[in-house]
Amino acid sequence: MADESGMPERDAAAQKKYDAAMKKMDSGDFKAALTAFKKYTDEYPNDAEGWYLRAECANYAGGMFGARIKDEDIIAAYTKAMELDDTRVDFYQAYGLFCISIGKYEEAEKAYNEAAEIDESMSASLYSEFAIEYYNHVLAEYGEILDEPKNRVKYAKKALSYMLKALEMDESEAKDLLNLGLSE
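Each residue of the sequence shown is one higher than the one before, starting from 0 at the first, in numbering that gives the first Met the number 0.
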């Protein structure tokens, strides 16, 4: 259940523990915040926000601070958050971005599409974010292999298809616009 601000209702004891974990996260101590959110979600396993923040802390602690955290553990925390509250675009978006960062592109694509279905008003920004993050990660991951244009066609086509979705434009319209020239 959520209050009028959209935040989950917690009893005083749960809110105190949640706030303590948030304080660690807000200070940038993601390892300590991860520990606190693990304890929190163990005690309050039905709090979607707690699972989401557990995943986020694990992602930051592992990525920025080198903590040894298994990708599967992060995936499990994001998945639990989405199972508990399948209406939160930010849960799906963050999960999709994490999946891109570990090369799980199909899973990322699925997450971004689900996020766009949840809130169609955000679909353009979600599709364009997926296109850019996906393409940049692929180029960084495969480096010199993709310096040759024919080797990046598959990836560029997928990214471009999502940019066109973001613009609500089909291929033929895009081709027509490009044939008119970009200088007009």
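Just so it is clear, CB atoms sit at the ideal spot from N, CA and C, and this is done for glycine as well.
Chain-order list of residues whose beta-carbon lies under 7 Å from that of residue i (same chain, five-residue window excluded)
i          : result
residue 2  : Low confidence applies here, because residue 2 scores a pLDDT of 49, under 50, leaving its location unreliable; read the following figure in that light. Cβ within range, chain order: 8.
residue 57 : 33, 68, 72, 73 and 76
residue 59 : 29
residue 37 : 53
Beta-carbon proximity list for residue i, same chain, < 6 Å, skipping 5 on both sides
i           : result
residue 151 : 145
residue 136 : 99
Extent of the continuous alpha helix (DSSP H) run through residue i
i           : result
residue 162 : 152-165
residue 100 : 88-100
residue 73  : 70-83
residue 121 : Segment: none, residue 121 is in no alpha helix (DSSP H) and carries neither H nor E.
residue 18  : 11-25
residue 42  : 29-42
residue 8   : Per DSSP, residue 8 belongs to no alpha helix (DSSP H) and is neither H nor E.
residue 176 : 170-179
Nearest-angstrom beta carbon gap, residue j and residue i [assumed within contact, 8 Å]
i           : j           : result
residue 161 : residue 129 : 5 Å
residue 76  : residue 54  : 4 Å
residue 80  : residue 47  : 5 Å
residue 164 : residue 126 : 5 Å
residue 39  : residue 49  : 5 Å
Same chain, Cβ closer than 8 Å to residue i, five either side skipped, listed in chain order
i           : result
residue 19  : 35
residue 87  : 47, 51, 80, 81 and 117
residue 110 : 91, 92, 94, 95 and 98
residue 31  : 23
Between the region 87-102 and the region 114-128, can you find at least three pairs of beta-carbon atoms closer than 8 Å? yes
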